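Residue numbers for the sequence shown follow this note's numbering, so the first one is 47 and each next one is one higher.
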Amino acid sequence: MILVLCIVVILSYIFDISSRYSKIPGVILLIFLGIALQLIVKAVHSEIPDLSPVLPVIGTLGLIMIVMEASLDLKLEKRKKKMIFKSISSAFILFAVFSAVVTYILTEFFGYSVRNSLLNAIPLGIISSSVAISSAVHLKPDDKEFVVYESSFSDIFGIIIFDFILLSHGSIGQGILDMGLRSLITVVIALATTAILAIMLHKITYHVNYVLIMTAIVLVYILAKLSHLPALLLVLIFGLVLSNNQLFENTPIRKNVDFAKFRSDIKSFKVILTELTFLVRSFFFIIFGFYAKIEGLYDLHNILTGASITAGIFLLRMLFFSQVIRTKLIPLGFFSPRGLITILLFITIPAVSRISLINEEVITIVILFTILVMIIGNLLSEKVKKPEIQKTVVSEDSRVH
47 MILVLCIVVI LSYIFDISSR YSKIPGVILL IFLGIALQLI VKAVHSEIPD
97 LSPVLPVIGT LGLIMIVMEA SLDLKLEKRK KKMIFKSISS AFILFAVFSA
147 VVTYILTEFF GYSVRNSLLN AIPLGIISSS VAISSAVHLK PDDKEFVVYE
197 SSFSDIFGII IFDFILLSHG SIGQGILDMG LRSLITVVIA LATTAILAIM
247 LHKITYHVNY VLIMTAIVLV YILAKLSHLP ALLLVLIFGL VLSNNQLFEN
297 TPIRKNVDFA KFRSDIKSFK VILTELTFLV RSFFFIIFGF YAKIEGLYDL
347 HNILTGASIT AGIFLLRMLF FSQVIRTKLI PLGFFSPRGL ITILLFITIP
397 AVSRISLINE EVITIVILFT ILVMIIGNLL SEKVKKPEIQ KTVVSEDSRV
447 H
């Protein structure tokens, strides 16, 4: 068993490295690796313990780490205000419009209730930060930041609204008020937690600091979840405060915090976090692929449903980018993959609220199709870059002469 785990980790590492050259995201290779392992196990009639209950746990840890890792790379600067506004607007509006359209179709043409339709539509409307961010390494810095902000906030909006629909049984007005209040409480908790952590790191001289940071993040996330607070928003704010700690150097907290040491700790923590995120994400998608129902992936009805959903996702995106925020379509118009968060939310839908039209196989097909579209975007982006590089070289040569 240990040998198999070691081989899986090495293969995941190879997939991650190869994705930088092949433009094929490691996620899609990990899912296929899981499917291949499933076929091998069936062929040799081997018995493997049921790992499906572990999937939500690994997924939750992966989600925390991915958003944390992304937020640690974000710098809040005045010159980025326009880009941040566009990315957040894109995340919210595209998510809201897509979810509303799918809900309308499910209620009007298939007769499902509004609540059940929303619960099944929302996971499909969320961009996967785990896939988008890891695949944006080839993009220009501005495009990469747009992807990080958009996908992170898409996750946040999606989870907050999904939890609101899942847990709310009262009036919509009261529910919205509660959601706003919870978000405000979350911001306060995130700021307070960051301050406490910074002071603790300043006071503690023990060499094991990074485990403390990670444990504190997971603990606060779980407590926020148990209190029905938008936990992912808390993680994002937590990371933003850590990465932009220079904004607090002129506040009363500076007396209790060694900011130079704090920044050094955060830098080292990012390295460890990247390693852990890679490991957790790898096992999540391999296990997901291992338990995928292969026969359902070949079903024509599922393929047509998945293709229709994918077409709707990118049609809305192209229209929004070209007509509303007037942003270039290549490569950002192609960066709308579904992945970890879609799976996580879908498996938490109660059995009584599931819709047969949108099953696990359809979810898998949508994930694969949206990732394929993203690969096309990456390839087109490379074609656009080459003429730009050639123009730059020509202009520099003309200056020399």
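C-beta: ideal position from N, C-alpha, C; glycine also.
These numbers come from a predicted model, not from an experiment.
Residue i - containing alpha helix (DSSP H), residue span
{"i": "E321", "result": "F305 to F336"}
{"i": "I404", "result": "It is not in any alpha helix (DSSP H) - I404 carries neither H nor E in the DSSP assignment."}
{"i": "F203", "result": "P187 to L213"}
{"i": "I172", "result": "I172 -> no alpha helix (DSSP H), and no H or E assigned at all."}
{"i": "Q84", "result": "G72 to V90"}
{"i": "V398", "result": "Premise fails: V398 is in no alpha helix (DSSP H) and is neither H nor E."}
{"i": "I94", "result": "Run containing I94: none; DSSP gives neither H nor E here."}
{"i": "Q117", "result": "Checking the displayed sequence, the identity of residue 117 turns out to be Ser instead of Gln. It spans V100 to S117 - the alpha helix (DSSP H) in which S117 sits, taken as one unbroken run."}
{"i": "S163", "result": "V160 to A167"}
Top-ranked residue by Cα proximity to residue i, from the options
{"i": "R125", "options": "L152, N166 and D188", "result": "D188"}
{"i": "L426", "options": "I355, R363, H184 and L165", "result": "H184"}
{"i": "V264", "options": "G80, S314, I70 and I104", "result": "I104"}
{"i": "L76", "options": "A116, A89 and F331", "result": "F331"}
{"i": "A5", "options": "G285, L49, S310 and M364", "result": "The chain is shown only over 47 to 447; residue 5 falls outside these bounds and no answer can be derived."}
{"i": "N166", "options": "M111, N405 and I413", "result": "N405"}
{"i": "V143", "options": "M111, L85, A178 and F203", "result": "F203"}
{"i": "K316", "options": "L57, D119 and A306", "result": "D119"}
{"i": "F367", "options": "I60, L386 and I134", "result": "I134"}
{"i": "V113", "options": "V148, S289, R161 and V100", "result": "S289"}
{"i": "V147", "options": "A357, S402 and L390", "result": "A357"}
{"i": "E295", "options": "I283, L282 and R309", "result": "R309"}
{"i": "A397", "options": "N162, S382 and V177", "result": "N162"}
{"i": "I318", "options": "A306, Y256 and T351", "result": "Y256"}
{"i": "A236", "options": "I259, L279, I205 and D201", "result": "L279"}
Cβ distance (whole Å) where residue i is taken to contact residue j below 8 Å
{"i": "T240", "j": "L275", "result": "Not really, about 16 Å apart at Cβ, beyond 8 Å."}
{"i": "F334", "j": "G80", "result": "6 Å"}
{"i": "S175", "j": "A116", "result": "6 Å"}
{"i": "L303", "j": "I245", "result": "One detail in the question is off: residue 303 reads as Val in this sequence, not Leu. Going by Cβ atoms, the distance from V303 to I245 rounds to 6 Å, so yes, they are a contact pair."}
Collapsed DSSP secondary structure at residue i in the structure displayed
{"i": "I63", "result": "helix"}
{"i": "G423", "result": "helix"}
{"i": "P298", "result": "helix"}
{"i": "Y267", "result": "helix"}
{"i": "Y344", "result": "coil"}
{"i": "V54", "result": "helix"}
{"i": "E123", "result": "coil"}
{"i": "L375", "result": "coil"}
{"i": "N290", "result": "coil"}
{"i": "T4", "result": "Coverage of the chain is limited to positions 47 through 447, which leaves residue 4 absent and any answer about it impossible."}
{"i": "S382", "result": "coil"}
{"i": "K128", "result": "helix"}
{"i": "G157", "result": "coil"}
{"i": "S273", "result": "coil"}
{"i": "L49", "result": "helix"}
{"i": "T232", "result": "helix"}
{"i": "T149", "result": "helix"}
{"i": "T394", "result": "coil"}
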